[in-house]
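Structure, as structure tokens:
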Amino acid sequence: MTDHTVIPAGAYPDYPAIMTPEQLQGMREKARTDPDAFWLEQAQRVHWFRKPTQGFSGSFEKDVSISWFADGELNASVCCIDRHLTEKRDQVALISQREAEGRSESLTYHDLHERVCRLANALTYLGVKKGCRVAICLPMVSEAIVSMLACTRIGAIHAVLFGGFSAEGLAERLVDSGAVAVITGNMAWRGDKAVPYKDTLDEALKKAGDNSSVQFMLVVRTSDEAVPMLPGRDYDYHDFVDHFEADFVPVAMRAEDPMFMLYTSGSTGKPKAVVHATGGYMVWAAYTMGMVYTHRPNDVLWCTADVAWITGHTSVVYGPLANGGTTMISDSLPTFPYPGRWFDLIDAYKVTMLFTAPTAVRAMMAEGEVVAQKRDLSSLRLLGVAGEPISPDAWLWYHDVVGKKRCPVADTWWQTETAGVVLGPIPGVQALKPGSATMPLPGVEMVILNSAGKAEMGAADGALCIARSWPGQCRTLWKDHERFRQAYFSMAPGLYFTGDGARRDEDGYYWITGRMDDVINIAGHRLGTAEVEDILGEDHRIVECAAVGVPHSVKGQALVVFAIPNRAAVTSVDEKDVTRLIVNLIGRYAAPEAVYLVPDLPRTRSGKIVRRLLRKIASGETETLGDLSALSDPSIISTLCERVRSQM
Ligand code: ATP
Ligand code: MG
């Protein structure tokens, strides 16, 4: 593997380091020796009505209870808007680029305050109170961000739902959350495909029937198309909300009051509704934005994640706004309507920080580097990725071709459960290793457990756990504390288990090896499927691939590979080439049992590959595929089943 590539911290002369390596070390020390003092100091990054004097209380043992800053009081919308109103009243807080309409909207902090207050008044008028759940199901439009902030202003718990879910998927989540209100739009565009929102929600509410608590729906007109409205339940968002007053006194929330709930991507099974607490979440959003994104006032941050994911919550909304920056949203795609579209937007809006998913980097790569070379990308100063492992070659491509070797690449590892980055670099301060998410942030105590359940020191490989609570940790799973305890705290006493595997190298850098159930054992040899994917990812004839383990009567488990060939490549790839690459670079024992060249892979709505389904398809267990509601395009399943059957 290419873990010997090291890019020194000083390789970016134009990138100001926010601290010295000694200061970073000092933070780590302080967080270890006096965690409460350390976190109470970091808590000052946000605005409190009543400053906390208490740090952590609780335990990972027994029933598991987690509490941070318990005596503090705050309001998230105040942290994100009001506290900036004096100095930044006319600074742009939000740029919303609407691809289909070919226009964009910029809201200053003052505008944002007005819009949020009007909606807070409207929701209150309709009976929404502190603690009520409000489902937000909107495309990437300003109202999505306004809605989240308006909920937090009145203390309502938002549950942002991805609009591409099926009616079943939405119904299930609406019932589970007990939402009293829905804020939606009539439709969205995904490339040239129209995605209905309101119609799907109508169907979802019909399916949910009496089990739903939804009393009204606000509908943003996101296109000219009219949608049927149910009198007494449905309101046109702007016709209704814009009449309300542009001021609203924010509700003081106790730090531990729930701020929002959010369903995980569903890569490993039934999605979990994670619950985050107001104080700890806001501190985490501000801390990680300051440390990893090294956010500065004039930064324009474009995080391409949908607001329905944790990256959308923290890197699109709460992180950049808590730090007084400009955040950009867009409903565009990297290669639609033409390759290089994102590069043009970066130049047009002078984006300084681009954060995206490895799959988008791969999509850009597949178009070839000339597309990027022709563009002016000089406004960029930092590049980031999150969500999935990024292979060293994709990392280097992003760094060299998009960042022109001027911008550090921050590979950040986090989960819906962690609220924000927990493993990631402090750019300009730490050397970078392509493919590694660097090291835990100060205050995050990571542990690697070996197969015997023992914490390993130094270089190690095993289950990635966290030994001590951090403020951004989720507090529970909605209405299911027992599942919370089981899922995260039952693997080893006193440890939070992330579900992922990792390797720590001699320098203390972490390399995510994939989900623990993606590590396979072939005749006694442990093989991380991520390693296979890295190797294949380095071959330009392959756009993307997924490797999974299937049961094998002799070897215990065997490897099966699904790969998407690059149609634009000069030479094509066949199954034998794939096998040869793996055997040459890993070893004969890893020779795949089968290789399938496929047009696409099953993905969650957030773009992650669902290996659980590939495992079943590869082993012929197609009768028991389980819940497919999290998939972006369920039709790929039959294509893959067909391919496997025909090659058997
Ligand atoms: P579910 O928990 O429902 O199966 P999910 O884990 O995909 O879904 P998220 O919380 O959105 O839902 O994703 C977190 C996971 O994404 C991590 O546990 C990890 O497996 C993967 N991940 C995130 N960032 C990175 C990264 N930088 N490198 C490698 N993997 C990452
Ligand atoms: Mg998960």
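Going by UniProt numbering, the sequence shown opens with residue 1, and the numbers climb by one from there.
Glycine included, each C-beta is placed from N, C-alpha and C at the ideal position.
Keep in mind the model is a prediction, meaning the values are calculated, not measured.
| Item | Value |
| --- | --- |
| Just the Cα atoms here: how many angstroms apart are V543 and H4? | 24 angstroms |
| Taking the Cβ atom as the reference point for each residue, do G435 and I466 lie within a distance shorter than 8 angstroms? | no |
| Using alpha carbons as the reference points, say which of P250, R611, A487 lies closest to R520. | Strictly speaking, residue 520 in this sequence is Ile, with Arg absent from that position. Residue R611 is the option with its Cα nearest to I520. |
| Sort R153, M328, E538 by Cα distance to W395 and report the nearest one. | E538 |
| Which one or two residues does DSSP pair with I609 in a beta bridge? | R603 |
| Identify the continuous beta strand (DSSP E) that holds K193 and give its terminal residues. | 193-196 |
| With a threshold of 16 other CB atoms inside 10 Å of the CB of A630, please say whether the residue is buried or exposed. | buried |
| If we ignore side chains and look at the alpha-carbon of each, how far apart do G340 and W397 end up? | 15 angstroms |
| Indicate the three-state DSSP secondary structure (helix, strand or coil) for R34 in the structure shown. | Looking at the sequence provided, one finds Asp at residue 34 rather than Arg. DSSP places D34 in coil when its eight states are reduced to three. |
| Say yes only if the C-beta of T356 is nearer than 7 angstroms to one or more non-hydrogen atoms of ligand 4, and no if none qualify. | Looking at this structure, you won't find ligand 4 anywhere; what it does contain is ligand 1 and ligand 2. |
| Assign D633 to one of three DSSP states: helix, strand, or coil. | coil |
| From the DSSP output, read off the bridge partner residues of H158. | V134, F260 |
| Give every residue of the same chain whose Cβ lies closer than 7 angstroms to the Cβ of I66, excluding the five residues on either side of it in the sequence, and list them in chain order. | G58, S469, Q473, R475 |
| Measure the beta-carbon distance from V219 to D234 and round it to whole angstroms, keeping in mind my assumption that it falls under 8 angstroms. | 6 angstroms |
| For L94, which three-state DSSP category applies? | strand |
| Taking residue 659 as the reference, which of E445, W511, D518 has the closest Cα? | This structure does not reach residue 659, given that the chain is present from 1 up to 648, and the question cannot be answered. |
| Since H110 contacts L85 with CB under 8 angstroms, what's their CB separation in whole angstroms? | 7 angstroms |
| Which residues in the same chain have their Cβ closer than 7 angstroms to the Cβ of V316, if we skip the five residues on either side of it in sequence? | C303, A305, V307, T327, I329 |
| Do I154 and L123 have their beta-carbon atoms positioned less than 8 angstroms apart in this structure? | yes |
| Should G499 be counted as a contact of ligand 2 given a C-beta to heavy atom distance under 7 angstroms? | yes |
| Could you work out which residue in K608, V274, S635, V532 is closest to A591 when comparing CA atoms only? | V532 |
| What's the C-alpha gap between G185 and P358? | 29 angstroms |
| Take the Cβ of T20 as the centre, count every other Cβ of all protein chains shown within 10 Å, and call the residue buried at 16 or more, exposed below. | exposed |
| What is the C-beta distance between I157 and F260, in whole angstroms, given that I count them as a contact (C-beta under 8 angstroms)? | 6 angstroms |
| Spatial neighbours of R485 within its chain, please: C-beta separation below 8 angstroms, excluding the five flanking residues on both sides. | D63, V64 |
| CA-CA distance, M1 and P8? | In this prediction, M1 scores a pLDDT of 45, lower than 50, which makes its location untrustworthy; no coordinate-derived value is stated. |
| Going along the chain, which residues of its own chain have a beta-carbon closer than 7 angstroms to the beta-carbon of V182, five neighbours each way excluded? | A135, C137, L201, V214, M217 |
| In the structure shown, what three-state DSSP assignment does G290 receive? | helix |
| Determine whether the beta carbon atoms of A492 and L559 lie at a separation below 8 angstroms. | no |
| Assuming L119 contacts V241 (C-beta within less than 8 angstroms), just tell me the rounded distance between them. | 5 angstroms |
| Check for me: the alpha helix (DSSP H) holding Q373 runs from which residue to which? | 369-373 |
| Tell me which residue opens and which closes the beta strand (DSSP E) that R515 is part of. | 510-515 |
| Residue ranges of each alpha helix (DSSP H) run of no fewer than 4 residues wholly in the stretch 346-424, ordered along the chain? | 358-366, 369-373, 392-397 |
| Among S635, G131, A530, E369, whose alpha-carbon lies nearest the alpha-carbon of K540? | First, the residue type needs correcting, since residue 540 is His and not Lys in the sequence shown. With distances taken between Cα atoms, H540 lies closest to E369. |
| For V371 versus V409, is the C-beta distance shorter than 8 angstroms? | no |
| Please classify P565 as buried or exposed, where buried requires at least 16 neighbouring CB atoms within 10 angstroms. | buried |
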